[in-house]
Amino acid sequence: MSSTSSQARARAEELRQLLNRAAHAYYVLDAPEMEDPVYDRLYRELLDLEAADPQLITADSPTQRVGGAPASGFVSVRHRIGLLSLDNAFNNDELEAWYARLLKVLDREPADGAALPALAMVGELKIDGNALALSYSEGVLSQAATRGDGEQGEEITANVRTIASVPLRLQLENPPAWLEVRGEAFIPDHTFAAINSERASRGEALFANPRNACAGTLRQLDPKVVAARRLDFFAYTLHLPDDWQPGAGDPPRPTSQWESLRWLRAAGFKVNPNAALLPDLAAVEAFFEQWDSGRRTLSYATDGVVVKLNDLRLQDAAGFTQKAPRWATALKYPAEEAPSKLLRLSCQVGRTGVVTPVAEFEPVPLAGTSVSRATLHNADRLDELDLHAGDTIVVRKAGEIIPEVVRVLAELRPAGSQRLELPHTCPECGSELVREEGEAATRCVNSSCPAILRGALRHWVSKGALDVDGLGSKLIEQLVDRGLVGSLADLYRLDGALLASLERMGQKSADNLVSALEDSKAQPWHRQLYGLGIHHVGEVNAKALAGAFPSAAELATAASQTPELITAVYGIGAEIAQSLQQWFATPANQQLLSQLESLGFSLAASEQERAAAAERAEASTALAGQTFVLTGTLPNLSRSQAKALIEAAGGKVSGSVSKKTSYLVAGDEAGSKLTKAESLGVAVLDEAGLQALLAAA
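Below, the structure written as structure tokens:
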């Protein structure tokens with residue numbers, strides 16, 4: 201390497217450090233330490249060095265925050281660690297109910313009449329933006345992705361590089377081999393106003409609110425457009441490898457959420473300054489009340505407070521449901537309300553035949569959008585509201601998302617107005633509507649109803665099911681209305697020439713759709729099962745069922761002959777088993793499965809999936825039939841690790857002690873479960889005893 205090259209390399213490294221430190225001070229710490237002209241001169245010098253020798257360009261160079269040609273599209277990537285959603289609480293009663301459930305799962309329930317045990321929690325403002333998953337390799341930003349479905353999202357690294365408050369390199373002496381950071385991208389209010397002002401001057405449609413603007417910005421194919429909109433970012437969660445050791449000047453491995461926020465700050469991330477360490481539930485409620493008015497002075501949108509258990513070991517012990525962590529909840533502020541005049545009552549028919557009344561009213565602005573429709577759920581809700589023609593109603597957005605009618609202002613009701621009720625016949629096909637005893641829903645039971653068919657088709661081709669690109673709602677309506685498709689199977693009998701003759705369809709689009717339909721036959725069994733639209737079988741349940749019953753035939757047999765095998769699957773209850781039994785017993789559904797198989801669908805797991813499942817089953821029989829309960833804090837294993845070891849050996853982990861419990865695994869601070877186990881004569885193990893049992897198995 202020449203002397204000149206060595207000098208250029210050293211100077212480039214020096215400039216990167218100076219510029220990154222200055223950007224961190226400006227965008228993260230809000231404490232500028234370098235004048236703009238000086239920054240611009242140094243930035244230009246680094247740009248010139250890199251232009252003269254492209255080998256000097258590194259991933260953490262500030263010149264790479266905006267660069268490269270626009271992308272042709274986004275690639276789907278799987279998250280190393282999933283992004284679960286949060287359960288919501290909308291008042292103090294619901295917050296206290298969440299806390300009571302948390303105490304129960306941690307085996308810390310108070311004795312009758314005793315005060316609730318105090319657990320330290322962290323309160324963080326819930327930013328109204330878009331969740332991001334950031335991945336760092338050896339301290340350098342390597343990937344950024346949207347939340348997506350929580351398991352996989354879209355890779356948008358080039359766009360996230362433009363966010364100045366996202367560090368390109370961690371400020372650590374010994375960065376971990378990998379690091380996962382979770383946080384929220386958002387657009388500050390003043391930036392949002394400037395964006396809309398600029399769009400208005402160009403005659404473009406305005407963004408409804410900052411969250412929508414942020415989501416649209418992150419999915420721009422040109423990073424330069426993203427950079428121009430000046431997004432910001434708050435980090436709130438991190439995941440480190442188990443073997444990471446801090447350098448001399450690095451923060452120690454966090455043991456709590458509060459320490460995690462300090463660790464993120466030290467590593468160079470911007471963390472919301474309004475978080476608080478709260479000693480008990482009363483402090484959480486006070487923090488929530490404080491920010492109900494305080495949030496209106498902020499420069500960004502927030503619609504609630506996220507409450508997290510502070511101790512990370514207790515978080516691990518509390519674990520997760522299938523959709524959300526048990527140790528956190530989002531406490532939401534009451535939605536904004538507005539009055540409006542009811543124009544009409546309409547009805548929509550869903551894919552399961554449920555008829556839902558919908559209130560249509562004069563448009564009102566709510567939470568940044570114009571709202572003119574709201575679901576009324578069912579006949580009971582309609583009766584409860586006592587809705588009359590021409591009523592003045594009060595509307596709000598439930599959870600800041602879904603419009604709902606809160607109440608009727610009966611004192612403003614027009615004289616002689618008629619009471620509104622659900623129709624007796626289906627608005628789509630004219631069939632008599634049915635409401636079974638004990639059910640809230642009113643249904644159309646005509647399986648040939650066009651509305652039911654349209655809904656079933658939309659569900660089948662949706663992203664979580666068969667994921668057929670190019671088959672949207674408008675095209676589905678044409679296919680059904682023209683009588684070209686009468687079932688899911690009919691989709692696969694369409695040809696390019698027929699499709700090309702439809703409105704807004706060219707030959708290329710038609711050929712692409714035929715190809716997409718053919719490709720969809722290779723989707724895994726759990727997606728096919730979800731796509732069938734069986735009542736109560738969502739994406740999560742479909743995966744669980746497909747893992748336990750690797751074909752439609754096996755699931756159908758279990759549904760009709762051994763439903764107890766279905767309810768034995770984790771997370772599957774009697775209601776789902778009954779729904780499966782009814783679905784597979786219906787002749788039309790049996791015919792549909794037969795037609796799909798004849799068209800090339802396997803309706804079964806692949807050989808590779810079966811082999812992997814068989815290996816797991818073979819390795820998971822040693823503790824079969826034995827039930828374990830975990831309590832207290834184990835010295836080395838977290839509760840989730842102990843649970844995973846037990847379940848991997850075929851055992852079952854329960855949350856409560858009974859006569860059927862095989863073993864209680866007790867650690868420090870074991871509570872009432874230990875007392876109950878001893879009174880019932882249940883064998884008690886410590887961690888060493890559990891490890892010995894697993895080794896013997």
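Following this note's numbering, the numbering of the sequence shown begins with 201 at its first residue and continues without gaps.
Note that the Cβ used here is the ideal one computed from N, Cα and C, for glycine as well.
Quick one: grab the DSSP three-state call for residue i.
{"i": "asparagine 712", "result": "helix"}
{"i": "histidine 659", "result": "helix"}
{"i": "serine 673", "result": "helix"}
{"i": "aspartate 695", "result": "coil"}
{"i": "proline 454", "result": "coil"}
{"i": "histidine 390", "result": "helix"}
{"i": "isoleucine 356", "result": "coil"}
{"i": "methionine 201", "result": "Note that methionine 201 has pLDDT 43, beneath the 50 cutoff, so the model's placement of it is unreliable and no number is given."}
{"i": "proline 270", "result": "Caution is warranted here: a pLDDT of 49 is assigned to proline 270, below 50, making its placement in the model unreliable, and the coordinate value is therefore given only provisionally. It is coil, neither helix nor strand."}
{"i": "arginine 308", "result": "coil"}
{"i": "lysine 860", "result": "coil"}
{"i": "glycine 881", "result": "coil"}
{"i": "glutamine 343", "result": "strand"}
{"i": "valine 425", "result": "helix"}
{"i": "asparagine 288", "result": "strand"}
{"i": "alanine 378", "result": "One detail in the question is off: residue 378 reads as tryptophan in this sequence, not alanine. If DSSP states are grouped into helix, strand and coil, tryptophan 378 belongs with the strands."}
{"i": "arginine 613", "result": "coil"}
{"i": "aspartate 404", "result": "According to the sequence as given, residue 404 is glutamate; it is not aspartate. Coil at glutamate 404, not helix or strand."}
{"i": "arginine 369", "result": "strand"}
{"i": "isoleucine 257", "result": "coil"}
{"i": "threonine 831", "result": "strand"}
Of all Cβ atoms in chain B, is any one closer than 8 Å to the Cβ of residue i?
{"i": "tyrosine 299", "result": "Of the protein chains in the structure, only one exists, and it is not chain B."}
Taking Cβ to Cβ, would you say residue i is nearer than 8 Å to residue j?
{"i": "leucine 684", "j": "valine 714", "result": "no"}
{"i": "glutamate 380", "j": "serine 335", "result": "yes"}
{"i": "arginine 244", "j": "aspartate 328", "result": "no"}
{"i": "leucine 780", "j": "leucine 755", "result": "yes"}
{"i": "aspartate 312", "j": "threonine 831", "result": "no"}
{"i": "lysine 597", "j": "asparagine 288", "result": "no"}
{"i": "leucine 545", "j": "alanine 559", "result": "yes"}
{"i": "glutamate 489", "j": "leucine 295", "result": "no"}
{"i": "leucine 932", "j": "leucine 303", "result": "No statement about residue 932 is possible, as the shown extent of the chain runs from 201 to 897 and does not include it."}
{"i": "phenylalanine 749", "j": "alanine 758", "result": "yes"}
{"i": "leucine 803", "j": "isoleucine 772", "result": "no"}
{"i": "glutamate 324", "j": "alanine 475", "result": "yes"}
Select from the options the residue whose C-alpha is nearest the C-alpha of residue i.
{"i": "proline 650", "options": "Ser631, Ala641, Ala476 and Ser709", "result": "Ser631"}
{"i": "proline 525", "options": "Pro534, Leu509 and Ala535", "result": "Leu509"}
{"i": "alanine 435", "options": "Gly403, Asn409, Ala466 and Pro446", "result": "Ala466"}
{"i": "lysine 523", "options": "Leu657, Leu283 and Thr391", "result": "Leu283"}
{"i": "threonine 529", "options": "Leu481, Thr625, Glu847 and Gly889", "result": "Leu481"}
{"i": "proline 627", "options": "Gln548, Leu894 and Ala331", "result": "Gln548"}
{"i": "proline 451", "options": "Leu332, Arg462 and Ala331", "result": "Arg462"}
{"i": "arginine 241", "options": "Ile257, Leu218, Gly850 and His726", "result": "Leu218"}
{"i": "glutamate 807", "options": "Ser856, Ser760, Ser751 and Arg839", "result": "Ser751"}
{"i": "leucine 566", "options": "Pro557, Glu537 and Thr556", "result": "Glu537"}
{"i": "threonine 417", "options": "Gly403, Glu351, Ile652 and Phe386", "result": "Phe386"}
{"i": "glycine 655", "options": "Val668, Val645 and Ser673", "result": "Ser673"}
{"i": "threonine 552", "options": "Val471, Phe561, Glu584 and Ala641", "result": "Ala641"}
Roughly how far, in whole angstroms, is the beta-carbon of residue i from the beta-carbon of residue j, given that I think they are within contact range, below 8 Å?
{"i": "aspartate 260", "j": "arginine 216", "result": "7 Å"}
{"i": "arginine 573", "j": "proline 539", "result": "So it is not a contact: roughly 16 Å between Cβ atoms."}
{"i": "isoleucine 676", "j": "arginine 658", "result": "6 Å"}
{"i": "glycine 590", "j": "leucine 542", "result": "6 Å"}
Does the ligand GDP have a heavy atom nearer than 7 Å to the CB of residue i?
{"i": "valine 594", "result": "By its list of ligands, the structure shown contains no ligand whatsoever, and the ligand GDP lies outside what it can speak to."}
Locate the alpha helix (DSSP H) running through residue i, then write down its first and last residues.
{"i": "histidine 726", "result": "725–731"}
{"i": "proline 763", "result": "763–767"}
{"i": "asparagine 472", "result": "Note, asparagine 472: premise wrong, no alpha helix (DSSP H); not H, not E."}
{"i": "glycine 416", "result": "410–418"}
{"i": "serine 794", "result": "787–798"}
{"i": "valine 484", "result": "481–494"}
{"i": "glycine 747", "result": "739–748"}
{"i": "alanine 842", "result": "839–848"}
{"i": "alanine 518", "result": "512–518"}
Check for me: the beta strand (DSSP E) holding residue i runs from which residue to which?
{"i": "alanine 896", "result": "Alanine 896 -> not in any beta strand (DSSP E); alpha helix (DSSP H) instead, spanning 887–896."}
{"i": "glutamate 537", "result": "537–549"}
{"i": "alanine 528", "result": "528–532"}
{"i": "leucine 431", "result": "Leucine 431 -> no beta strand (DSSP E), and no H or E assigned at all."}
{"i": "aspartate 868", "result": "Careful: aspartate 868 lies outside any beta strand (DSSP E) and carries neither H nor E."}
{"i": "aspartate 503", "result": "502–509"}
{"i": "glutamate 324", "result": "321–327"}
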